[in-house]
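Notes for the one structure printed next.
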Amino acid sequence: MITPFQVACKNLLRKKVRTLLTLVGIMLSTWVLVSLFGFNRGYEKALNRDIENMGYQLMVMAKGCPYEAATMMLQGGTGLRYMEQSMVNDIMEEAEVDKITPILMQAFFDPNKGESGGIAGYFGVDPDSYPAMKPFFRFRSGGWFRDNSAAEVVMGYEAAELEQREVGDMTLVPEKNVQLKVVGILERTGTQDDGTIFVPLKTLQRIAEIDKITTIGIKVKKDADITKLENKLYQLKDVQVVSFSQVKQTIMKLISTARVMVLSIAIVAILIAMAGVVNTVLMSVLERMPEIGILKTMGAMPGDIFRLVWTETLILCGIGGVAGIGFALLFARGTDLLVRRILPYAPSGGLVVIDGGLALLTLGSIVAAGLLSGLYPAWKAGRVRPLESIRRDG
Amino acid sequence: MTTESKVVLEARDLTRVYRRGSEEIRAVDGVSLAIRRGEFVSFMGPSGSGKTTLVNLLGCLDNPSAGELDLAGRGIFGGGKKLDERALTRVRREVFGYIFQNFYLIPTLTVRENVALPLAFYRKPGVEAEVERLLAMLGMEHRMDHLPVQISGGEMQRVAIARALVNRPEILLADEPTGNLDTKRAGEIGDILQDLNRNTGLTIVMVSHNPDLARLGGRLVEMRDGKAHEI
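Sequence lines, in order, name chains A and B. Residue numbers for the first sequence follow my numbering, beginning at 1 and rising by one. Residue numbers for the second sequence follow my numbering, beginning at 1001 and rising by one.
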């Protein structure tokens, strides 16, 4: 026995090209929609992860542009400003402070990097306080420096891969022609730390001939009032305080325009797909008027015909939706790369995160939109009167 | 058939009026007739005589403008009562099977699926095995898995007949069933209809331009200007 579902499937196979084009339209819309939802979820998650992986909630640096400060906080920067190292002791006295670490960021021009040279970034960190800020660091091989003035480096996973260094190798600091010994290589963290080269603070100060620092990282005590501490730190002369929540807000503001634009594109894509569904199903109904009339002479009620046509819409949207989600999952990495090229700042890790719940939500949205589109053609088919449709054909 | 056979379909003063602008066309003009169970009634007449309109009224495909229609003693139309599409469908699926000049087979369904199609929407008890039985009876058992494009016109009409009979209707309505067939195939379809009437006692109401086919019926009614004349 044949079921109405099988009849609906076979009806769709009558005009294969038309059905395929409609499916492609629905698939593309679903792809855009699920990727957008995935991006909305993934970007914030990645940003939070990046900030949490910094190990500190507050950063103090010399006064300057807050956007540059935010960038510096996450991935280093140029045009650096310096402050006195003695400030570390002043801040340490604050009751809310749990841990504190001084950092010196330096960038040297490496003529051998890339085709026309590039900037090599170095993080001067204190081996006594910095590792405590990053307890999640795991070494692929080796370990931290022997002391704060050793001629040694610890390389992030990607930095070591790029320079093809192993523990025990020597590495040259460009511009300064100073050789440092690789004593540790970190495991991949999925953060900016993967591309960082860590040097003992005093060693980097000696190489750069600077006795100052660029940044102070502060870990606040559990349950301490961060805002109160921030206000106190603002009293310090010529410094600015950047908190992770400020950074997050700044970045989210920067990308909000891009999100609105992509959302608009997704809505337009869905409307186009819906118009495609209406067109396909309506054309199919109009072409089959005599057959629909015959179905009614056979005993099909208006509701049966309505459901038959609606089932065709459901099949189209279901297959198109599943295919779109499949493509979105398959090409999530490519979408990720594309988004990274467009956005002013992209945190490390996956930006487009599509999980089962999101896939189901998107599929539900697409099917709901499709069923809405199928209402009119299904209603029109349900109202066909057998005599009129047969007479029209005769 | 005996004179005591039960009347399955009775029309009294059945009228169907169409309006075209200010013009009033009485396509069926006060037709009264009774059809008994097991009868094979053929309606003949020139184009525009009202034979198809009358059969559409008898088959509950249309509402009459006036008059009454009973099916097996049950009043369907009468007293100005008009049935909506749902009510008409309920009557049709209980009582009638239809075949038309165009076969209206679904091109993407096989012969077997086309015959089984009515059962997807409505199924009388005990008709599950009817598809195979009817196709075998109509000599189509070797074509069950073929698509309509793979069979001839005559075979298509056999499939349409099987589809019309799958829910065991009381009355088969055939509107120009051989209109799209050559003489040989038309004769074959005529023989099938006659066999169905004689061997199974199926009541058949047929419209045909073809005098040879029309004469197969035991009762011939000629339509002229919307009125029925027994011949």
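Where is the CB? At the ideal position from N, CA and C, for every residue including glycine.
{"Asked": "Cutoff 7 Å; reference TYR1018(B); Cβ partners in own chain excluding five residues on either side", "Found": "ILE1025, ALA1027"}
{"Asked": "Option in GLU1176(B), GLU1230(B), ARG1215(B), ASN1180(B) with minimal Cα separation from THR1053(B)", "Found": "GLU1176(B)"}
{"Asked": "Contact set between PRO290(A) and chain B, taken where Cβ atoms lie within less than 8 Å", "Found": "ASN1102, TYR1104"}
{"Asked": "Short CB-CB distance (under 8 Å) between LYS248(A) and chain B", "Found": "no"}
{"Asked": "Alpha carbon of LEU12(A) to alpha carbon of ILE26(A), nearest angstrom", "Found": "15 Å"}
{"Asked": "Contact with chain B by LEU295(A), beta-carbon distance below 8 Å", "Found": "yes"}
{"Asked": "Proximity below 8 Å, CB of ILE119(A) to CB of ILE213(A)", "Found": "no"}
{"Asked": "Three or more C-beta pairs below 8 Å linking the segment 146-153 of chain A and the segment 197-208 of chain A", "Found": "yes"}
{"Asked": "Stretch pair the segment 21-39 of chain A + the segment 263-277 of chain A: three plus CB contacts closer than 8 Å", "Found": "yes"}
{"Asked": "Contact between the segment 1063-1072 of chain B and the segment 353-366 of chain A (3+ Cβ pairs under 8 Å)", "Found": "no"}
{"Asked": "Short Cβ contact (8 Å threshold) for ILE1106(B) with ARG1158(B)", "Found": "no"}
{"Asked": "Cβ-based burial, GLY77(A) [other Cβ within 10 Å; buried from 16]", "Found": "Legend: pLDDT at GLY77(A) = 48, less than 50; position of this residue unreliable, no value from coordinates given."}
{"Asked": "PRO290(A) - containing alpha helix (DSSP H), residue span", "Found": "289-298"}
{"Asked": "Below-8 Å beta-carbon distance, ASN1180(B) vs any chain A residue", "Found": "no"}
{"Asked": "Neighbour flag for TYR1018(B) against chain A, beta carbons, 8 Å", "Found": "no"}
{"Asked": "Chain B within 8 Å of PRO386(A), Cβ atoms only", "Found": "yes"}
{"Asked": "Contacting positions in the segment 325-343 of chain A - beta carbon closer than 8 Å to chain B", "Found": "none"}
{"Asked": "Cα-Cα separation between GLN249(A) and PHE137(A), rounded to whole angstroms", "Found": "27 Å"}
{"Asked": "The alpha helix (DSSP H) enclosing THR1052(B), as first and last residue numbers", "Found": "1051-1058"}
{"Asked": "Chain B contact for ARG14(A) (CB, 8 Å cutoff)", "Found": "yes"}
{"Asked": "Amino acids of chain B, ordered along the chain, whose beta-carbon sits closer than 9 Å to that of ALA275(A)", "Found": "The premise fails here: ALA275(A) is roughly 25 Å from chain B at the closest Cβ pair, so nothing lies under 9 Å."}
{"Asked": "Below-8 Å beta-carbon distance, GLY299(A) vs any chain B residue", "Found": "yes"}
{"Asked": "The alpha helix (DSSP H) enclosing GLU1010(B), as first and last residue numbers", "Found": "Per DSSP, GLU1010(B) belongs to no alpha helix (DSSP H); it is in the beta strand (DSSP E), 1007-1020."}
{"Asked": "Three-way DSSP call (helix, strand, coil) for TYR122(A) in this model", "Found": "strand"}
{"Asked": "8 Å Cβ cutoff, GLY1046(B) in contact with chain A", "Found": "Checking the sequence shown, residue 1046(B) turns out to be Pro, not Gly. False, the Cβ-Cβ gap to chain A never drops below 8 Å."}
{"Asked": "Of the residues ASN1167(B), LEU1216(B), GLU1170(B), the one placed nearest ALA1186(B), counting alpha carbons only", "Found": "LEU1216(B)"}
{"Asked": "Beta-carbon proximity of ARG1112(B) to VAL1131(B), cut-off 8 Å", "Found": "yes"}
{"Asked": "Whole-angstrom distance between ALA160(A) and ASP336(A), CA atom to CA atom", "Found": "24 Å"}
{"Asked": "Euclidean distance between Cα positions of VAL1205(B) and GLY1218(B)", "Found": "11 Å"}
{"Asked": "Residue of GLY117(A), TRP310(A), PRO347(A), VAL384(A) minimising C-alpha distance to GLN192(A)", "Found": "PRO347(A)"}
{"Asked": "Range covered by the beta strand (DSSP E) that runs through ASP1029(B)", "Found": "1023-1036"}
{"Asked": "Contact between the segment 86-100 of chain A and the segment 109-118 of chain A (3+ Cβ pairs under 8 Å)", "Found": "no"}
{"Asked": "Other residues of its chain near ASP128(A): CB distance less than 8 Å, five sequence neighbours each side excluded", "Found": "ASN148"}
{"Asked": "Any non-hydrogen atom of the ligand ATP within 7 Å of ILE251(A) CB", "Found": "For the structure depicted, the ligand ATP is absent and the ligand set is empty, with no information on it obtainable."}
{"Asked": "LYS10(A) in three-state terms, based on DSSP", "Found": "helix"}
{"Asked": "Below-8 Å beta-carbon distance, MET283(A) vs any chain B residue", "Found": "no"}
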